[in-house]
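Everything below concerns the one structure shown next.
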Amino acid sequence: MVNDPGAMARPAGGPLIVQSDQTLLLELDHPDAEECRGEIAAFAELERSPEHVHTYRMTPLGLWNARAAGLDAESVCASLRRWSRFCVPDSLLAQVTETIGRYGRLVLEDDPRHGLVLRTSDRPVLEEAARAKTIVPLLGPRLDPDTISVYREHRGRLKQALIKLGWPAEDRAGYVEGSPHPIALREDESFTLRGYQRNAADAFVASGSGVVVLPCGAGKTAVAMAAMAKVSSRTLILVTSTVAARQWRTELLAHTSLTEDEIGEYSGERKEIRPVTLATYQIVIARRGRLLPHMEALSAEDWGLIVYDEVHLLPAPVFRMTADIQSRRRLGLTATLVREDRKESDVFSLIGPKRFDVPWRDIEAQGYIAPASCTEVRVTLADEERMAYALAEPADRYRAGATARSKLAVVEALCTAAVAAGEPTLVIGQFLDQLEALGQRLHAPVLTGETATAERERLFGAFRCGEVPVLVVSKVANFSVDLPEASVAIQVSGTFGSRQEEAQRLGRLLRPKHDGRQAHFYSVVARDTNDQEFALRRQRFLAEQGYAYRIVDAEQLLGERAG
Amino acid sequence: MSNDRKNEALSPKTKTRATAGSSDRRPSPLSSHVEDLEELDEDQLAVLLELRPDLAEPAPASMEELESRAFSVRSVLRVLMDADNSVLQVVQILTLLGDKHVRLADVHRMAGEGTEAAVTQALEWLGRRHLVVAAADDELCIHPSLLTVRGAAALGPPAGEMVERLTVSDLQSVLQSIGRRASAGRKAQLVREVHAFLEDGDAVRDLVAGAPAEVRALARRLSASSEPVPLPWNLASSPYGRRDRRGAVDAAVWLIGHGLAYRDTWLSAIMPREVGLALRGGHPFPADSYARPGVELAPLAEPPAGALEARVVAVTRAVERIVECWGSRPALVLKSGGVGVREVRRLAADVELPERDAFRLVEIAAAAGLVVEDTHREIVLPTPVADVWLDLGLAERWWALAHSWLEMAVHPSVAGALDTRRKVVPALLYAPDTPSAAAAQRRSVLRTVVELRHGHLDADAALASLASWDAPLAWSDTFVPAPLLVRWVLSEMELLGLTVENAPGALASALVDGDFGAARRLLADPAADAWDLILQADLTALATGRVPPQVRAELTLLADVEGRGSATVYRFGESSVRRAFDAGRSGEEILDFLHAHAPKGVPQALAYLVGDVERRHGHIRLGRATCYVRFDDAALATEVLRAKKLAKLGLRQIAPTVLVSDSPQHSVLSTLRACGYLPVEESEDGTIVRAASGAERASLDRHRGGAYVAGAEDGTDLRPGCWGLNAHGTDTGAGAGAGKDRARALAGALVATSAGGPSSASRRASALGRQAAPVELPTLLRRPQGVLPGDEDELFELLAAAGAFDDEDEEHLDEDVDDFGEPPGGAGFGKELPGAQVERPSEIARTPAEILRLLQLATEEDWLVRMSYTSGAGKTYEVAVNVLDVSGEAMLAEAAPRWSEQKYVLERIGWVRVLTDVEEELAW
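Next up, the structure:
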């Protein structure tokens with residue numbers, strides 16, 4: 000408990016509002032907002048970032064991450080008091096102090112005589128932990144009152160169990176080097192490591208394991224490559240899909256000294272284990288009976304570094320594998336530490352604490368990323384369409400609303416405008432007949448899952464060089480790795496999947512143009528249908544993620560175009 | 000109070016006294032106090048009322064009332080609650096002196112040396128409150144109530160009676176043992192001598208000084224308190240002159256034997272006042288007890304204004320939340336009284352307060368009148384006062400809470416504490432309306448803390464000692480140890496912002512002085528009332544600062560609260576915006592409100608949300624109606640809607656061809672028919688309901704009779720076998736058995752009808768006649784007995800008899816019946832036969848032609864009619880008649896109520912209408 004009446008006397012007017020439910024509200028228009036953000040981002044997770052007030056949340060994990068990064072309770076409390084507009088509740092400060100104080104009371108160390116040991120500076124905590132039912136089987140004999148030996152293979156599981164108990168252990172047991180393999184970065188005019196990427200890689204290498212949090216499009220792959228170059232040993236890269244694996248491969252070939260022969264792909268199609276192996280999560284967790292053959296095959300290798308792409312999507316079985324390889328260096332990459340399955344604590348204990356985090360706005364300010372502007376175009380359905388929607392079976396309702404013909408005119412108007420402005424435009428939809436209709440109306444090629452690869456390559460090529468200004472693509476095509484970048488995307492139906500995925504893909508699809516023009520995303524929505532309900536959810540999410548969001552009426556839009 | 004006023008308070012009232020009479024006739028003390036009050040001028044009276052606020056509240060109607068109030072023990076007690084130890088000791092000295100008039104010198108003598116200043120100050124204190132009045136230069140007149148209120152310095156009772164109770168031999172024994180010559184005189188003489196000894200303090204002290212050590216110890220103990228000392232049982236019978244074989248002496252017995260203690264009960268003795276006083280050196284209290292104890296506590300630095308204000312804001316906001324929470328969901332009261340820990344815990348979670356503080360604030364809010372128990376509904380909810388309070392400024396709101404806290408008659412910290420059974424004491428359990436010591440205790444702690452500039456919880460014992468010196472009466476009888484009470488009060492002060500981190504702030508001083516102005520100056524920061532509302536594109540809103548109640552209420556209507564704390568986070572959603580539309584807001588109003596209060600503007604997404612909801616709100620409407628009337632064309636609908644005769648149906652048009660009504664369907668139907676329309680009934684699936692043709696039947700399955708005719712409803716499976724006919728070997732043909740079957744079925748129906756409740760014979764008869772009876776039953780029932788059978792068995796006998804009749808017998812019975820003539824109520828029977836029914840017209844005939852037609856119809860149908868008739872004498876009256884014959888210009892009819900036959904001239908009939916069934920039944 001920190002008693003400092005002087006701090007309470009600080010004149011009100013800071014940019015931060017500290018709520019007793021441990022959320023922090025940061026008012027962006029305040030002159031001190033940027034400075035404040037820099038301090039609180041170290042220990043609080045950004046939850047929502049709409050235009051005026053951003054919401055951060057302090058969680059035990061966030062605080063422990065901060066503690067692992069070297070922040071102590073005093074400085075956290077001091078930051079809160081310094082920036083808070085209102086008197087910070089004493090109970091909250093006490094809770095923060097207490098939570099942070101829990102990290103590091105137990106330490107995993109490599110003892111020269113006894114091997115891996117769990118050591119404590121606070122004997123009752125060790126007693127409590129050693130008696131917990133989940134922990135007893137993981138511990139070996141007691142060496143002295145403050146030290147218990149730990150079976151090496153249980154290093155990960157012990158950390159997992161301890162964090163569940165609320166006493167996260169600091170892992171200082173070190174790492175094995177793995178088989179060395181030289182890797183070097185190839186920096187040139189087209190590719191140089193950005194400052195924050197270099198810092199992230201350094202922060203990771205210094206600690207040996209942990210998570211680097213960077214927003215979409217900020218170049219997480221580059222951070223991984225820098226880390227690989229520093230570690231220079233055999234590396235396993237776990238990615239979400241084959242598509243992503245190939246993307247990685249391309250990047251690795253382009254920007255590192257690695258050659259085709261050195262990079263293996265371990266996926267459903269190919270099973271290559273090479274000095275740098277790209278494996279998908281799916282193949283790692285693929286079962287044959289009760290066995291995980293691929294996981295075993297990969298675990299047997301002497302990796303010096305394991306890279307986890309998109310840590311927030313890491314499937315649970317991979318955690319189990321990770322628990323067994325705690326002596327390897329592990330680098331997690333993600334845009335957000337928030338997991339939909341609430342397994343944040345496993346990321347913390349098994350991959351490692353957050354090692355690097357750079358505010359999104361900083362990267363934006365450096366001109367590396369820019370959010371697309373999002374516009375929702377609301378189309379009022381014709382009466383017969385409304386009736387068709389009303390009469391549709393519940394299962395078909397979404398389709399009835401989403402494929403309304405009234406949308407076509409709007410899409411056409413948008414495309415015409417975009418093409419006139421010379422913007423490459425993608426039209427994305429879910430329903431094939433709707434896409435066909437659009438293709439005919441727009442005289443644009445339609446690309447679906449059924450399109451042959453060669454044809455697809457051709458169309459993409461034509462689109463890139465501007466021969467085809469408008470491309471109509473289905474949702475399936477959207478997952479294609481070589482989907483070209485566009486500056487305008489028009490979504491007529493369907494969503495990309497989870498809201499989070501959607502935002503990420505948006506970010507990937509719509510890079511800012513070199514001349515600084517903003518990319519645009521249009522979503523054409525049928526008014527008064529459940530199409531609009533989905534849109535409302537998306538709108539909320541995108542607004543939370545800081546995308547500028549606007550709604551226009553189709554009539555207004557068409558009117559403007561006509562005018 | 001100025002010095003001269005102090006002096007004046009004790010200056011002798013010589014002028015009145017001198018004129019009142021001669022010096023030997025002293026006025027009675029009471030009248031002297033009355034005079035004393037009566038002589039006060041306006042200013043002096045004001046001072047008195049300020050010092051004794053209980054005299055002014057409620058405002059006394061007259062001087063007499065004020066006087067009687069001022070002399071009541073209760074009022075005196077109230078004054079002494081605030082008296083410090085020194086004053087109370089002087090009061091006790093006055094009591095010891097025992098007279099209503101005492102000499103000032105005596106008081107000083109008894110108080111002892113070195114106490115003069117304190118005694119004078121105490122007497123002045125009492126004088127200012129008019130409890131002691133200076134009667135002469137060195138004489139005081141004591142308020143009689145003052146002498147009754149306090150035990151005398153923990154000394155025993157005067158020796159007088161105790162000595163009287165001794166026998167002569169005991170007295171002699173005592174005198175002998177104290178070394179005085181026991182004269183052989185009368186008892187009175189002996190008693191006097193003992194008294195003389197006891198009055199001689201030096202002699203008593205010498206005696207005790209020479210006593211054995213254990214006697215001295217006991218004597219010291221007894222002199223310090225008036226507690227009785229137990230006697231050894233074997234010596235209790237006669238303690239005088241006793242000593243045991245070894246010469247050892249029980250200390251108590253020694254004291255009794257030497258006249259220094261007296262038997263109080265069989266097995267205990269007490270020390271008389273004189274002895275106790277003598278052993279205390281003639282002074283009931285030690286000289287240093289007149290001075291306030293010194294307490295060494297380092298004063299703490301005054302807390303910064305910002306911190307004070309933060310506390311004040313926090314506590315007022317918490318109470319606001321309590322009002323808000325209990326306003327939307329009142330707290331339930333426990334059966335055993337009070338608001339239970341579960342409710343308060345929930346509240347604490349809502350308000351985000353520690354549980355104990357939630358208990359305290361609930362008590363304080365109740366004391367401030369913001370929440371109150373509704374004893375009828377057994378809930379606790381906010382009062383209208385709370386609305387007034389919510390509209391006040393920060394300083395006013397805080398002052399209301401702090402002042403209520405200071406004056407409240409219970410300790411708010413009692414609620415939420417553990418009782419002796421380790422159970423949590425519910426909130427609002429105690430609500431004493433009488434002044435209690437709690438307020439005085441609290442005030443004394445507050446004063447002490449302000450004075451010492453120190454309110455640390457660890458200093459509870461020191462603070463308690465000071466506070467209890469300042470107001471000993473307030474602290475004298477409390478179940479709770481004083482240090483704990485002090486800790487409670489300190490916690491409450493911290494909660495209210497009177498202290499911050501144990502250091503009392505300027506607000507505490509303002510509260511002690513009752514200086515609201517000072518508090519307002521301290522809390523007058525305009526930023527405290529500043530507020531802001533930020534609306535964001537993700538449909539959230541953030542309200543910070545002190546949002547005015549109206550704005551907050553409107554926001555709560557428009558959006559759901561997502562998070563609370565220093566700022567409130569709202570989320571707009573379709574359902575929340577709809578709520579506002581439901582409450583009657585228009586889209587324009589909502590947006591105007593948002594634009595007016597959100598300086599950063601309304602995000603487009605929110606404006607669209609409001610617009611969307613507005614567009615769709617009310618597209619579907621519903622209401623309540625009992626039945627609908629549907630038309631094929633709108634013109635007919637309009638006609639029906641406008642028909643005056645149908646106005647009573649309350650028809651409303653909801654579509655060009657649809658009307659609805661709240662009247663029951665059958666009455667709408669019959670009224671429409673009566674007006675000449677030809678409506679049909681529609682079933683739920685839109686088909687036309689066909690009117691039942693033929694006789695009605697009771698639905699038997701619901702009646703007890705159903706047991707006998709299971710499956711008989713459709714008439715296809717009538718199995719008279721179950722009626723017992725098979726047992727008799729009778730064939731189930733429609734012949735002889737039919738009458739009996741019917742009888743049995745009817746019996747069932749009849750019993751079921753009567754089982755529904757007591758009903759008159761006529762109603763049972765009509766039930767039979769209308770619902771189930773074919774023609775035979777009424778005739779059957781019109782048996783010579785003339786009454787309906789009351790119970791089932793009787794009825795069975797009757798009906799069985801009917802079943803035994805053959806066809807001729809039945810006819811015979813019919814004839815028989817005719818002979819009995821028409822019994823009362825029988826009129827309804829044969830005339831309402833199913834199939835013979837003609838709809839009774841409901842209109843009133845007014846023209847001669849109509850009247851004639853209606854009368855003829857009534858004659859034919861044998862309906863009773865009601866008509867207005869003007870007699871030959873020119874008197875118009877209304878009468879119900881049974882028309883017998885209409886011919887030419889006159890008619891012959893039986894007139895109610897005696898049904899005497901009369902002739903009526905048709906011309907004089909004003910109007911005629913046919914009675915309804917019910918009316919007819921009643922008329923007969």
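Heads up: the protein sequence lines correspond to chains H and L, in order.
Residue 0 is where the first sequence starts when you use numbering that gives the first Met the number 0, and the numbers rise one by one after that.
Residue 0 is where the second sequence starts when you use numbering that gives the first Met the number 0, and the numbers rise one by one after that.
Quick reminder that beta carbons are idealized off the backbone N, C-alpha and C, glycines included.
Amino acids of chain H, ordered along the chain, whose beta-carbon sits closer than 9 Å to that of residue i
i                 : result
LEU950 of chain L : Residue 950 of chain L lies beyond the residue range present for chain L, which begins at 0 and ends at 923; the question has no answer from this structure.
SER565 of chain L : ILE16, VAL17, GLN18, SER19, LEU24, SER83, ARG84, PHE85, CYS86, VAL87 and PRO88
Nearest-angstrom Cβ-Cβ length linking residue i and residue j, presumed shorter than 8 Å
i                 : j                 : result
ALA460 of chain L : PRO482 of chain L : 5 Å
ASP20 of chain H  : GLY562 of chain L : 6 Å
ASP537 of chain L : GLU543 of chain H : 5 Å
GLY177 of chain H : LEU257 of chain H : Between LEU257 of chain H and GLY177 of chain H the Cβ distance is about 16 Å, and since that is not below 8 Å, they are no contact.
ALA43 of chain H  : ARG56 of chain H  : 6 Å
For residue j and residue i, the rounded distance between their alpha carbons
i                 : j                 : result
VAL469 of chain H : GLY460 of chain H : 12 Å
GLU877 of chain L : LEU891 of chain L : 16 Å
GLY305 of chain L : SER464 of chain L : 32 Å
ARG385 of chain H : LEU313 of chain H : 42 Å
SER206 of chain H : ALA68 of chain H  : 10 Å
LEU170 of chain L : PHE196 of chain L : 12 Å
ALA251 of chain L : PRO211 of chain L : 12 Å
Delimiting residues of the beta strand (DSSP E) encompassing residue i
i                 : result
GLU561 of chain L : 559-562
PHE520 of chain H : 519-525
MET890 of chain L : 889-894
GLN490 of chain H : 487-490
SER74 of chain H  : SER74 of chain H -> not in any beta strand (DSSP E); alpha helix (DSSP H) instead, spanning 72-82.
Beta carbon proximity, residue i to chain L, threshold 9 Å
i                 : result
SER479 of chain H : Any reading at SER479 of chain H must be qualified, since the residue scores a pLDDT of 49, below 50, and its modelled position is unreliable; no value is offered.
ARG539 of chain H : yes
TYR280 of chain H : no
ARG549 of chain H : yes
ARG377 of chain H : yes
LEU290 of chain H : no
GLU384 of chain H : no
Amino acids of chain L, ordered along the chain, whose beta-carbon sits closer than 8 Å to that of residue i
i                 : result
LEU556 of chain H : Here the premise fails: no neighbours, minimum Cβ distance about 14 Å.
Min CB distance residue i to chain H below 9 Å
i                 : result
LEU521 of chain L : no
PRO283 of chain L : no
ALA317 of chain L : no
ASP611 of chain L : yes
GLY454 of chain L : no
ARG545 of chain L : no
LEU608 of chain L : yes
Range of the contiguous alpha helix (DSSP H) that encloses residue i
i                 : result
TRP910 of chain L : Premise fails: TRP910 of chain L lies in the beta strand (DSSP E), 908-913, not in any alpha helix (DSSP H).
TYR643 of chain H : Residue 643 of chain H is absent from the model: chain H starts at 0 and stops at 562.
THR147 of chain L : 143-147
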